[in-house]
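>
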Amino acid sequence: MTAEPLERSLDRHDLLPGAADGPDGPPLDLRTARESDLPELRRLDEEVFQEFAYPGFLLRQLFDMYEEHFLVLDDGTGRLRGYVLAATRALGTDSWILGLGVTPDRRRHGLGTELMTEVLTRLRRDGIDVVRLTVEPANLAAIFLYRSLGFRPEEPDGGLRQDYFGPGMHRQIMRLDLTG
Ligand SMILES: CC(C)(COP(=O)(O)OP(=O)(O)OC[C@H]1O[C@@H](n2cnc3c(N)ncnc32)[C@H](O)[C@@H]1OP(=O)(O)O)[C@@H](O)C(=O)NCCC(=O)NCCS
């Protein structure tokens, strides 16, 4: 099966300042997702992506396919505060980031970076050479984060793909080579 990029549209960006007041509650556990997380994962996805959240059936099947690269931030009270999902091709050594989100109350504390860093470490360990993602061109928070990890627009046209997800739904494709 070929993994396709499914980054969803966000019209409401938390651009500058956008910072949470500070982390509250117990420290978070960054771990692989479990089947028992699925209801809470769905709630988290809806909290972060609202009307663009994955349908429950798709989230379930993404978990079935990509469990090893589906990571969550568990606050220990039954709530998940963030997740990242990377899909790999069955035949090939490339991967797409299909989801990255942190709850609004926990943003700007390095958690998105931690999730991405850990999933990139696992992808490299598992023989993946190239990681791609799509991002809405106005989503500067995500673009800054990805750039800080070494992602760059994939040419041509500075990575911009007009109407990528349909009319008016432009996306930038970013790419990171894990080799070299
Ligand atoms: C994008 C997102 C995952 C970032 O999570 P986060 O935990 O806040 O990110 P980090 O704290 O690791 O930030 C890392 C860097 O990204 C950039 N960044 C993150 N949020 C930013 C913001 N609101 N404004 C400007 N830069 C921002 C900064 O460069 C930041 O480094 P700094 O804090 O040292 O300045 C989070 O904002 C989110 O869930 N957004 C909604 C969902 C989304 O857009 N997902 C990505 C889809 S492609």
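The UniProt record's numbering numbers the first residue of the sequence shown as 1 and each following residue consecutively.
Beta carbons: idealized from backbone N, C-alpha and C, even for Gly.
As the structure is a prediction and not an experimental result, all values here were calculated from the model.
1. Using the C-alpha atoms, what's the distance from Ala86 back to Leu58?
2. Three or more beta-carbon pairs under 8 Å between the region 63–75 and the region 149–161, yes or no?
3. Can you tell which of Pro26, Gln61, Asp126 has the C-alpha that lies nearest to the C-alpha of residue 251?
4. For a quick check, are the C-beta atoms of Arg106 and Gly78 less than 8 Å apart?
5. Determine, using beta carbons only, whether Glu114 and Leu80 come nearer to each other than 8 Å.
6. Between Leu133 and Pro26, what straight-line distance do the alpha-carbon atoms span, to the nearest angstrom?
7. Could you tell me the distance, in whole angstroms, from the CA atom of Thr93 to the CA atom of Tyr66?
Inspection of the coordinates gives the following:
1. 14 Å
2. no
3. With the chain covering 1 to 180 only, the question about residue 251 has no answer from this structure.
4. Result no, Cβ atoms of Arg106 and Gly78 do not sit closer than 8 Å.
5. no
6. 31 Å
7. 14 Å
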